[in-house]
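These notes are about the structure you will find just below.
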Amino acid sequence: MLHDRVLVEVDREQGERRSSGGIVIPATAAMGARRLTWSNVVAVGPHARAVELGDKVLFDAEDKAEVEVNGELYIVMRERDVHAVAAERVADESTGLYL
Numbered sequence: 002m003l004h005d006r007v008l009v010e011v012d013r014e015q016g017e018r019r020s021s022g023g024i025v026i027p028a029t030a031a032m033g034a035r036r037l038t039w040s041n042v043v044a045v046g047p048h049a050r051a052v053e054l055g056d057k058v059l060f061d062a063e064d065k066a067e068v069e070v071n072g073e074l075y076i077v078m079r080e081r082d083v084h085a086v087a088a089e090r091v092a093d094e095s096t097g098l099y100l
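Residues in the sequence shown are numbered consecutively from 2, following my numbering.
Have a look at this one:
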């Protein structure tokens, strides 16, 4: 990866979801608002500052570039397009998210 780019896995399991009441929501159902996605970071450019390999990041997958590498689908984005980072390295007294 170059500069501040981040490569994340595309989660194939995000097809259908369940509501808190247990109702199955199919992948084809239209959502009223944009839905952000959590995904694992698999590669990071040398100028990325807050994101590291193995972190879980929150981002908007709708307007990001997909790339296929060895038959697997990934999303490439700039670090500034990441909304939040969940990581084990965060100090104990904080929430575990960089917002």
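For each residue, glycine too, the CB sits at the ideal point set by N, CA and C. For clarity, every value in this text was computed on a predicted model and none was experimentally measured.
In this structure, the straight-line span from the alpha carbon of residue 3 to that of residue 23 is close to 43 Å. Secondary structure of residue 81 (DSSP, three-state): helix.
About 7 Å separates the Cβ atoms of residue 75 and residue 43, confirming a contact at the 8 Å cut-off.
From the listed residues 89, 90 and 78, the smallest Cα separation to residue 60 is found for 78.
Pairing residue 72 with residue 58, the inter-Cα distance amounts to about 22 Å.
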